[in-house]
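Residue numbers (our numbering): 59 to 153. Even for Gly, the Cβ is constructed at its ideal location relative to N, Cα and C. Working notes, beginning with the structure itself.
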Amino acid sequence: MKTMLAVDDGLVKRAEIVAQIQGIPTTDLIDEILMRGLDSLESSSQPKKSDKHVPFPIFTSKEPGVLHLTPEAIKRMDEEDDLRTVGLMTDAEIA
59 MKTMLAVDDG LVKRAEIVAQ IQGIPTTDLI DEILMRGLDS LESSSQPKKS
109 DKHVPFPIFT SKEPGVLHLT PEAIKRMDEE DDLRTVGLMT DAEIA
């Protein structure tokens with residue numbers, strides 16, 4: 059099928075040079091480039107299953123089975139956990 063496309067002159071020149079080096083017609087090279095590009099776009103647009111494990115935060119209590127935490131305390135503990143995760147704070151600094 060013949061189709062006319064407006065393509066940047068620099069891209070056409072690069073394609074011609076690569077095609078010449080590979081010893082193939084420029085149209086074959088452009089077909090291959092388009093096919094690879096479309097395959098890549100199609101595979102990257104499909105949702106991927108995330109294998110990333112996100113741990114649930116665990117808070118300890120002095121009294122088993124009972125936690126008396128205010129929303130502010132939970133927020134502070136969560137922020138401290140984030141700082142530990144990225145290496146900006148150690149357990150010793152928190153205590």
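If the five residues before and after Phe117 are omitted, its C-beta is found closer than 8 Å to the C-beta atoms of Leu125, Leu127, Ile132 and Met135, all from its own chain and listed in chain order. Under the DSSP assignment, Asp136 falls in the alpha helix (DSSP H) whose first and last residues are Pro129 to Thr143.
Beyond the five residues adjoining it in sequence on each side, Ile88 comes within less than 7 Å, by CB distance, of Ala73 in the same chain, given in chain order.
Distance from the Cα of Thr61 is smallest, within the candidate group Thr85, Val144 and Ile75, for Thr85. In its chain, beyond the 5 residues on either side, Met135, Asp136 and Asp139 have a beta carbon closer than 8 Å to the beta carbon of Pro115. In this structure, the straight-line span from the alpha carbon of Glu100 to that of Arg94 is close to 10 Å.
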